[in-house]
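For the protein sequence lines, the chains are A and B, in the order given. So the first sequence is numbered by the UniProt record's numbering: it starts at 1 and just counts up by one. So the second sequence is numbered by the UniProt record's numbering: it starts at 1 and just counts up by one. See structure below.
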Amino acid sequence: MKFTEGPEIRDTKAPAGPIEERWEKRKFSAKLVNPANKRKLNVIVVGTGLAGGSAAATLGELGYNVKSFCYQDTPRRAHSIAAQGGINAAKNYRGDGDSIYRLFYDTVKGGDFRARESNVYRLAQVSVNIIDQAVAQGVPFAREYGGLLDTRSFGGAQVSRTFYARGQTGQQLLLGAYQALERQIAAGTVTMHTRHEMLDVIVSDGRARGVIVRDMVTGEIERHLADAVVLATGGYGNVFFLSTNAKGCNTTAIWRAHERGAYFANPCYTQIHPTCIPVSGEYQSKLTLMSESLRNDGRVWVPLRKNDTRAPGDIPDEERDYYLERIYPAFGNLVPRDIASRAAKNVCDEGRGVGPGGLGVYLDFRDAIARLGRDAVEKKYGNLFEMYERITGENPYDVPMRIYPAVHYTMGGLWVDYDLQSTIPGLFVIGEANFSDHGANRLGASALMQGLADGYFVLPTTLGDYLAAGPFGDVDEEAVAEAEIKVRSKIDRLLAVNGTRTPDSFHRELGKLMWDYCGMERTEESLRKALERIPELREEFWQNVKVSGTAEELNQVLEKAGRVADFFDLAELMCLDALVRTESCGGHFRAESQDADGEALRDDEHFAHVSAWESTPDGPVLHKEALEYEYVKMTQRSYK
Amino acid sequence: MNLTLKVWRQNGPADSGRMVTYKVEDVSPDMSFLEMLDVLNERLILEGDDPIAFDHDCREGICGMCGMVINGVAHGEQRATTTCQLHMRHFEDNATITIEPWRAAPFPVVKDLVVDRSAFDRIIQAGGFVSVPAGSAPDAHSIPVRKEDADAAFDAATCIGCGACVAACPNGSASLFTAAKITHLSLLPQGQPERLSRAKAMVDQMDAEGFGGCTNTGECTAVCPKGIPLDTIARMNTDYLKANAK
């Protein structure tokens, strides 16, 4: 795939000066909108997860006229609801040495020095307010007997800064945002459109001025206009078909915005989560994650010998390899996700994996049960154990869990500046849909933090600054008509093929290809193969897909087909991005770039930048944004 | 495994609907119930038939989107389980399985097994929240909460809004759903100022949506995938009575 290099991105809009003062400075410099004028300003928010739900609720409360869209039957179902482990905040309630600076430092280091310092520092600052906000809403976080909030530790950190609500933290935080959103819906400041899918952005006079959506019940194509558009549509891990994402998670909204001119940054950064339930069969539709918090007490091991088929209980301690504790004595089982995932892959590649196909490692609670008692373990992790048993039919109190890495979170996304604005003026992107805060890897319990920071605190300020220049006048009717025609013709084209393969069968094949060639480990050879194969498979898709039914009804096959079509295009860009980045960092492991111990080897001289891709008729154009580290010295990451 | 499925097919709210029989073969016991339907749907698409529409998303038992009545029981016979977490190993080979949508007047059928549960959102809109603005909440530690209260509030807050309680109730009551939210917030200090007005508004909205009354049959908790207890309803009723007495 050919690409050219375009001009560098030089201005990210972050204020200069000491890092602790930048967000304060930006807030003060942001123009305000008179309350009477807010009612005349229309904002569209697409997606209702932690980022979109909190943003729509907050903007509604500020007085803007908000339209909110989601593809589910109610905003409470967004996939943020599935996050298990917790949310980080630099409260230092434990007095164990935590601070905003330390959270900032851990996050930059955890992201393998590929995130922006200014953004991450702001995230750490705002983290403190998120907990206050959620508690005030009635989010039932875990508490100590004295009535104060409990915390736990999480991968990639040596302090206990993770707030949690059993294994359902995402659910409770999302319900908090959802309830705030429903309150605004009742107040009339937010109009909710459920079962609607966004299919294009309307760009008029260079500004994002609306969206084209499809009513998924009637099939009607609708146009909605506004003064600004916010995308909070999550990540694209489902490009791999098997992932921990909800089945509906897709890339359509951000991909079509990319086609309209929004740069796509670091598409190749995929987080592989180390503790998922292994794949059990060909028919499998998704993977289930077991919270990383299990690694607080569970010990990870495989047999020392290859092809050891004994039952785990029959393998004596001296014939077990607690490989994380052995290789990384300082962090042990709590090493970050990319490190734990790769270590699991390595022991399985050596032939020491357990379970069907040898693609699994043990996560063992034997010692924790002996030390704490079964009751205490059940109190802490009971719901997770139950979930494991339901899916596998095995009881993890008696036999160790089997886990294997799986695709989880995507750190890439649409490029945004410090104000969370994309390269299309008026198009803001928040939460997992943007790229800015996590670098090449995301530490546990930091996704919830970013979603809520963006939605409750950052966007409401920066969007206000943009809207202060509005209202922006009439929208160009031709731009609307063109977007609508584009959407309709894509749907018509899909329905017209009438081939012999289902959208799912293509998606499965594409996903396998991506996992094998652009998954946990990539090589120049594998990526070149993928870049050869993806266009062939896409060609076959457009010649041979079968979409039943019509466009004017609830048609889940049509919905799926449209999303798979976009996954093909995204997959190609992911492989190109991975190919160009000839270093290893975080979740991007290029086998050619590793040190003598097999650890990821960064190349700061050539790759300390964000890769932001522009879509043009002549093919992708790469724009680089240099990453400067003034506060955290770039070092080789070590968790030993 | 080989199975016979009797599935409710209905083109839209106006269609009267009918049961249609399908044979599925080579079902693996490790499949989830929805994966078994996926396999059938793949076949229907290729045969040029309309695949069975059903709602689903997270497939890990937490989003609350999936839901169907399986052999007469909401989410199937396995206790405390959502449909997506129900696995085929719990069925006998050669069994006949009936699959129907949630049936309740306030949940109109959209298509096949998909129903409209937006009435639940309107019950939350009536008052299922704490009225706090975003931006400047007090420090979280300024509001201590007894651990027992926090845990009990959490138990109620785990409701996923799937609607199984309504589907199982002979009266079509939404009491368990409504009571779960009322209980969650009424057990916390943050929820006290609006406690009674919330209970009144939410119960009144529930009635306005056309859900039936509660007669303590307990079918709701029996099918609830999250095990929300019946005593939440007693708590709701107490607060509702207090609110009306004022």
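All C-beta atoms, glycine included, are put in the ideal place defined by N, C-alpha and C.
Quiz item: Ordered along the chain, which non-local residues of its own chain (more than five positions away) have a Cβ less than 6 Å from that of Lys25(A)?
Solution: The beta carbon of Lys25(A) sits closer than 6 Å to those of Pro15, all from its chain and outside the five residues before and after it, given in chain order.
Quiz item: By how many angstroms is the C-alpha of Phe365(A) removed from the C-alpha of Pro312(A)?
Solution: Looking at the two C-alpha atoms, the distance is approximately 12 Å.
Self-check item: Validate contact between the segment 299 to 308 of chain A and the segment 316 to 332 of chain A using beta carbons, cut 8 Å, 3 pairs
Solution: Touching, yes.
Quiz prompt | Classification of Gly451(A) by the beta-carbon crowding that lies within 10 angstroms, buried from 16 upward | solution = In summary, Gly451(A) is buried, with 16 or more beta-carbon neighbours lying within 10 Å of its beta-carbon over all protein chains present.
Quiz item: Mind checking if Gln10(B) is an interface residue toward chain A, Cβ cutoff 9 Å exclusive?
Solution: Taking Cβ atoms only, chain A never reaches closer than 9 Å to Gln10(B), which makes this a no.
Exercise. Answer yes or no: do Leu242(A) and Trp515(A) have a C-beta to C-beta separation smaller than 9 Å?
Key: For Leu242(A) and Trp515(A), yes; Cβs fall inside 9 Å.
Quiz item: Can you name, in chain order, every residue of its own chain whose Cβ lies under 7 Å from the Cβ of Trp8(B), other than the five neighbours on each side?
Solution: Result list for Trp8(B): Gly17, Met19, Ile99, Glu100, Pro101, Asp112, Leu113, in chain order.
Exercise. Could you tell me which chain B residues have their CB closer than 7 Å to the CB of Thr288(A), listed as they occur along the chain?
Key: When 7 Å is used as the limit between beta carbons, Thr288(A) is near these residues of chain B: Glu60, in chain order.
Exercise. Could you check what DSSP says for Arg122(B) in three-state terms: helix, strand or coil?
Key: Arg122(B) falls in the helix class under three-state DSSP.
Quiz item: The beta strand (DSSP E) spanning Gln271(A) covers which residue range?
Solution: Under the DSSP assignment, Gln271(A) falls in the beta strand (DSSP E) whose first and last residues are 270 to 276.
Self-check item: Coarse secondary structure for Thr215(B), derived from DSSP in three states
Solution: The answer is coil: DSSP assigns Thr215(B) none of H, G, I, E or B.
Quiz item: Do Ala83(A) and Val128(A) have their CB atoms nearer than 9 Å?
Solution: It is not a contact, given that the beta carbons lie outside the stated cut-off.
Quiz prompt | Same chain, Cβ closer than 6 Å to Ile228(B), five either side skipped, listed in chain order | solution = Close CB contacts of Ile228(B) within its chain, under the 6 Å cut and outside five residues either way in sequence, are with Cys159, Leu176, Ala180 (chain order).
Self-check item: Validate contact between the segment 233 to 241 of chain A and the segment 99 to 110 of chain A using beta carbons, cut 8 Å, 3 pairs
Solution: At 8 Å Cβ cutoff, the stretches do not touch.
Quiz item: What span of residues does the alpha helix (DSSP H) with Asp577(A) cover, start to end?
Solution: Note, Asp577(A): alpha helix (DSSP H), 556 to 580.
Exercise. Could you tell me whether the Cβ atoms of Gly111(A) and Met411(A) are closer together than 9 Å?
Key: Yes, the Cβ-Cβ distance between Gly111(A) and Met411(A) is below 9 Å.
Quiz prompt | Residue-chain proximity (Cys214(B), chain A), Cβ-Cβ < 9 Å | solution = Judged by the 9 Å Cβ criterion, Cys214(B) is not in contact with chain A.
Quiz item: Which residues of chain A have a Cβ atom closer than 9 Å to the Cβ of Glu42(B), listed in chain order?
Solution: Result: Thr502, Asp504, Ser505.
Quiz item: Between Lys380(A) and chain B, is there a C-beta pair that is closer than 9 Å?
Solution: No, its Cβ sits nowhere closer than 9 Å to a Cβ of chain B.
Quiz prompt | Nearest-angstrom Cα separation, counted from Ala496(A) out to Gly455(A) | solution = Distance between the alpha carbons of Gly455(A) and Ala496(A): 40 Å.
Quiz item: Hey, Glu117(A) and Lys624(A): beta-carbon distance below 9 Å or not?
Solution: 9 Å or more divides the Cβ of Glu117(A) from the Cβ of Lys624(A).
Quiz item: Using a beta-carbon distance cut-off of less than 7 Å, what residues from the segment 145 to 161 of chain B approach chain A?
Solution: Listed by position, the residues of the segment 145 to 161 of chain B near chain A (Cβ gap below 7 Å) are Val145, Arg146, Lys147, Ala150, Ala153, Phe154, Ala157, Thr158, Gly161.
Quiz item: What is the rounded straight-line gap between the Cα of Arg295(A) and the Cα of Pro329(A)?
Solution: Going by the C-alpha atoms only, they are around 14 Å apart.
Exercise. Quick one: using the 10 Å Cβ neighbour count with 16 as the cut-off for buried, is Thr502(A) buried or exposed?
Key: Thr502(A) is buried by the Cβ-count criterion.
Self-check item: CA-to-CA distance, Leu40(B) to Leu3(B), given in whole angstroms
Solution: Answer to the nearest angstrom: the Cα atoms are 11 Å apart.
Exercise. Could you please tell me which residues of the segment 92 to 121 of chain B, in chain order, have their CB closer than 9 Å to any CB of chain A?
Key: If the cut-off is 9 Å between Cβ atoms, the segment 92 to 121 of chain B has Val110, Lys111, Asp112, Val114, Val115, Asp116, Arg117, Ser118, Phe120, Asp121 near chain A.
Practice problem: Could you have a look at Ala406(A) and say whether DSSP puts it in helix, strand or coil? | Solution: Correct three-state label for Ala406(A): strand.
Quiz item: Using the rule of at least 16 other Cβ atoms within 10 Å of the residue's Cβ for burial, across every protein chain shown, is Phe568(A) buried or exposed?
Solution: Only buried fits Phe568(A), as 16 or more other CB atoms lie within 10 angstroms of its CB.
Quiz item: Is there at least one Cβ from chain B nearer than 9 Å to His79(A)'s Cβ?
Solution: Output row for His79(A): interface = yes.
Quiz item: At a cut of 8 Å, does the segment 183 to 200 of chain A reach the segment 125 to 141 of chain B through at least three beta carbon pairs?
Solution: Contact between the segment 183 to 200 of chain A and the segment 125 to 141 of chain B is present: 3 or more CB-CB pairs across the two stretches fall below 8 Å.
Quiz item: Could you give the distance in angstroms between the alpha-carbon of Glu552(A) and the alpha-carbon of Glu220(A)?
Solution: Pairing Glu552(A) with Glu220(A), the inter-Cα distance amounts to about 7 Å.
Quiz item: Considering only residues of the same chain and omitting the five flanking positions on each side of Met216(A), which have a CB-CB separation below 7 Å?
Solution: For Met216(A), where only same-chain residues beyond five positions count, the Cβ hits under 7 Å are Tyr71, Arg195, His196, Glu197, Leu554, Glu559.
Exercise. Identify, in the order they occur along the chain, each residue of the same chain with its Cβ nearer than 7 Å to the Cβ of Val145(B), setting aside the five sequence neighbours on each side.
Key: Closer than 7 Å at the Cβ level, and outside the excluded window around Val145(B), lie Leu188, Pro189.
Quiz item: Cβ of Ala140(B) less than 9 Å from any chain A Cβ?
Solution: Closer than 9 Å to the CB of Ala140(B) there is at least one CB belonging to chain A.
Quiz item: Excluding the five sequence neighbours on either side, which residues of its own chain have a C-beta within less than 6 Å of the C-beta of Val43(A), listed in chain order?
Solution: Excluding positions up to five away in sequence, the list reads Leu59, Tyr64, Val66, Ala226, Ala228.
Quiz prompt | Uninterrupted beta strand (DSSP E) stretches inside the segment 412 to 495 of chain A (no shorter than 3 residues) | solution = DSSP runs (the beta strand (DSSP E)) wholly in the segment 412 to 495 of chain A: 427 to 429.
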